[in-house]
Amino acid sequence: MNDTIETREIPNGIENVPGLKHHDLNVCGGPMSVYEAGEKGRPIVVLLHGAMYDESRFIWDQLFPFLSRDYHVFALDSPRHGKSRPWEGYLDRARLMDILHNTFIQLGLENFSLVGLSMGGSLSIEYASLHPDKVKSMVLFEPGGLTEKVDSQFLVWLYIKMPGMLRLLSRKYIKKDHAAIRKLLESIYVGGSKPTDPDRLTSILEDEIKGRYKYGENDMDDWQLSCIGPFRLKWNLLDRIPLIKCPTLWLRGADSVLVKQFEIDRAVKLAIDSGTKAELEVIQNAGHILPLERPEQANLAVKAFLDDAIR
1 MNDTIETREI
11 PNGIENVPGL
21 KHHDLNVCGG
31 PMSVYEAGEK
41 GRPIVVLLHG
51 AMYDESRFIW
61 DQLFPFLSRD
71 YHVFALDSPR
81 HGKSRPWEGY
91 LDRARLMDIL
101 HNTFIQLGLE
111 NFSLVGLSMG
121 GSLSIEYASL
131 HPDKVKSMVL
141 FEPGGLTEKV
151 DSQFLVWLYI
161 KMPGMLRLLS
171 RKYIKKDHAA
181 IRKLLESIYV
191 GGSKPTDPDR
201 LTSILEDEIK
211 GRYKYGENDM
221 DDWQLSCIGP
231 FRLKWNLLDR
241 IPLIKCPTLW
251 LRGADSVLVK
261 QFEIDRAVKL
271 AIDSGTKAEL
281 EVIQNAGHIL
291 PLERPEQANL
301 AVKAFLDDAI
311 R
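FYI, in full-length UniProt numbering the residues of the sequence shown are 1 to 311.
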């Protein structure tokens with residue numbers, strides 16, 4: 001384990017949290033980047049980000065500093081994201097579960113809460129179903145894998161099967177300057193929300209684009225690609241939800257187009273019907289990147305739930 005203390009003067013964001021540690025781990029033959037902050041001895045919270053061009057510094061820009069005041073927080077860069085690169089081979093569900101589990105072992109994490117967004121929420125669901133003794137509670141921001149098919153299923157499948165299409169975005173984005181990437185960033189905010197610090201977030205997004213391009217990675221994660229069939233998804237996580245044993249908060253941005261309201265309603269009902277304490281909160285004027293679009297509401301919702309669930 002190679003640990004360094006981050007000391008750069010960056011306004012807000014993960015990298016400016018007092019006492020921040022950054023861990024460079026070797027896990028299952030590849031690099032894992034982990035950010036750690038907060039007082040040891042406090043309840044542990046682990047944050048898992050989304051797919052494609054996401055990383056810990058991006059989506060947890062506001063939530064990580066906020067939670068670190070009261071919790072012992074860890075934010076992982078999933079393989080082929082952030083500083084967790086390069087990785088060889090196919091990173092399917094089983095391999096990601098093995099990597100996550102061994103990362104937690106190296107960090108000495110025995111009992112903790114999981115907070116995940118999109119792919120990170122899905123990984124949280126699967127991990128909690130496999131290791132119910134380790135996960136005390138969960139917060140899920142619009143996890144993927146809750147449905148049998150996606151919009152324009154056949155066209156999506158056709159797109160990923162066409163030669164060269166899986167690296168089309170990185171080849172396109174790498175040519176854009178800072179101003180163009182900032183416009184791209186602002187375009188994913190909905191409901192009148194705006195980036196808290198657009199230049200910092202743009203720089204992080206640029207780093208992620210450069211990383212994908214440098215290492216020849218696909219725009220989409222193997223986790224996503226593995227489930228896309230021509231007419232239906234090859235798998236979903238609906239069978240894993242009844243195996244969750246911990247209290248869970250599900251969060252959705254009311255204007256999201258990626259995870260439908262009926263999908264998350266069904267998932268919450270599955271959890272409740274299985275005897276798990278689960279609740280859903282929908283935040284208005286926000287979409288899929290809810291922790292960035294409405295950070296104040298998201299931060300308070302997460303903290304209130306964690307305070308009640310694990311203290």
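Note that beta-carbon positions come from the ideal geometry of N, C-alpha and C, so glycine has one too.
Bear in mind that the values here come from a model prediction, so they are computed numbers and not experimental data.
**Report entry** Delimiting residues of the beta strand (DSSP E) encompassing Leu258
**Finding:** Taking the sequence shown and counting its residues from 1, one reaches residue 258 at position 258. Careful: Leu258 lies outside any beta strand (DSSP E) and carries neither H nor E.
Query - Cβ-Cβ separation, Asp199 to residue 334 (assumed contact under 8 angstroms), whole Å - result: Coverage of the chain is limited to positions 1 through 311, which leaves residue 334 absent and any answer about it impossible.
**Report entry** Residue range of the alpha helix (DSSP H) that includes Val156
**Finding:** Here residue 156 refers to the residue found at position 156 when the sequence shown is read from its first residue. Note, Val156: alpha helix (DSSP H), Gln153 to Lys161.
Query raised in the report: Going by beta carbon distance, what residues of the same chain come within less than 6 angstroms of Tyr71, once the five residues before and after it are set aside?
Result: Taking the first residue of the sequence shown as position 1, residue 71 is located at position 71. Cβ neighbours of Tyr71 beyond the five flanking positions: Gly38, Arg42, Pro43 and Val45.
Query raised in the report: Does DSSP classify Leu91 as helix, strand or coil?
Result: Taking the first residue of the sequence shown as 1, we reach residue 91 at position 91. Three-state DSSP puts Leu91 in coil, outside helix and strand.
Query raised in the report: If Ile174 sits next to Tyr213, beta carbons under 8 angstroms apart, how far is it from one beta carbon to the other, in whole angstroms?
Result: Here residue 174 corresponds to residue number 174 of the sequence shown, with the count starting at 1. Here residue 213 corresponds to residue number 213 of the sequence shown, with the count starting at 1. With a Cβ gap of about 5 angstroms, Ile174 and Tyr213 count as contacting.
Report task. Using 10 angstroms around the beta-carbon of Tyr127, count the other beta-carbons present and answer buried if the total reaches 16, otherwise exposed. Result -> The residue given as residue 127 occupies position 127 in the sequence shown. With 16 or more other Cβ atoms within 10 Å, it is buried.
Query raised in the report: Within 7 angstroms: the Cβ of Pro247 and any heavy atom of the ligand FAD?
Result: With respect to small molecules bound, the structure shown includes none, and the ligand FAD cannot be examined in it.
Query raised in the report: For Lys136, is the classification buried or exposed, using 16 other Cβ atoms within 10 angstroms of its Cβ as the cut-off for buried?
Result: The residue given as residue 136 occupies position 136 in the sequence shown. The residue in question, Lys136, is buried, as its Cβ has 16 or more Cβ neighbours within 10 Å.
Requested in this report: Kindly indicate which residue of Glu208, Phe74 and Asp273 has the alpha-carbon position closest to the one of Leu109.
Outcome: One-based indexing of the sequence shown puts residue 109 at position 109. Here the closest residue by C-alpha is Phe74.
**Report entry** Between the CA atoms of Lys161 and Arg167 - distance to the nearest angstrom
**Finding:** Taking the first residue of the sequence shown as position 1, residue 167 is located at position 167. Taking the first residue of the sequence shown as position 1, residue 161 is located at position 161. Rounded to the nearest angstrom, the two C-alpha atoms are 12 angstroms apart.
Query raised in the report: Taking DSSP as the reference, what is the three-state secondary structure of Lys21?
Result: Numbered from its first residue, the sequence shown carries residue 21 at position 21. Strand.
Query raised in the report: Assuming Leu251 contacts Leu290 under a Cβ cut-off of 8 angstroms, what Cβ separation, rounded to an integer in Å, is found between them?
Result: Along the sequence shown, read from residue 1 onward, the residue named residue 251 stands at position 251. Along the sequence shown, read from residue 1 onward, the residue named residue 290 stands at position 290. Confirmed, Cβ separation roughly 6 angstroms.
Query raised in the report: Near Lys40, what residues of its chain come up, given a Cβ to Cβ distance below 7 angstroms and the 5 sequence neighbours on each side ignored?
Result: Taking the sequence shown and counting its residues from 1, the one referred to as residue 40 is at position 40. If we look at Lys40 and ignore the five residues flanking it on each side, its Cβ neighbours are His72.
**Report entry** Reduced DSSP secondary structure (H/G/I, E/B, other) of Phe74
**Finding:** Residue numbering aside, residue 74 sits at position 74 when the sequence shown is read from its first letter. It is a strand residue.
Report task. Flag this pair as touching only if the segment 260–271 and the segment 230–245 have three or more C-beta atom pairs under 8 angstroms; answer yes or no. Result -> yes
Query raised in the report: From Cys246 to Lys176, what does the alpha carbon distance come to, in whole angstroms?
Result: Counting from 1 along the sequence shown, the entry for residue 246 is found at position 246. Counting from 1 along the sequence shown, the entry for residue 176 is found at position 176. If you take the alpha carbons of Cys246 and Lys176, they lie about 44 angstroms apart.
Query raised in the report: How should Asp77 be labelled, buried or exposed, when 16 other C-beta atoms within 10 angstroms of its C-beta is the threshold for buried?
Result: As a working mapping, residue 77 is identified with position 77 in the sequence shown. That one is buried.
Query raised in the report: Residues bridged to Gly116 by DSSP?
Result: Numbered from its first residue, the sequence shown carries residue 116 at position 116. Note: Gly116 sits in a beta bridge opposite Leu48 and Leu140.
Requested in this report: With DSSP as the reference, please indicate the residues paired to Ala278 in a beta bridge.
Outcome: In the sequence shown, the residue the question calls residue 278 occupies position 278. Paired residue(s): Thr248.
Query raised in the report: What runs of the beta strand (DSSP E), each 3 residues or longer, lie entirely inside the segment 176–261?
Result: Whole beta strand (DSSP E) segments, 3+ residues: 248–253.
**Report entry** Between the CA atoms of Leu67 and Lys303 - distance to the nearest angstrom
**Finding:** For this step, residue 303 is matched to residue 303 along the sequence shown. For this step, residue 67 is matched to residue 67 along the sequence shown. Going from the Cα of Lys303 to the Cα of Leu67 covers about 7 angstroms.
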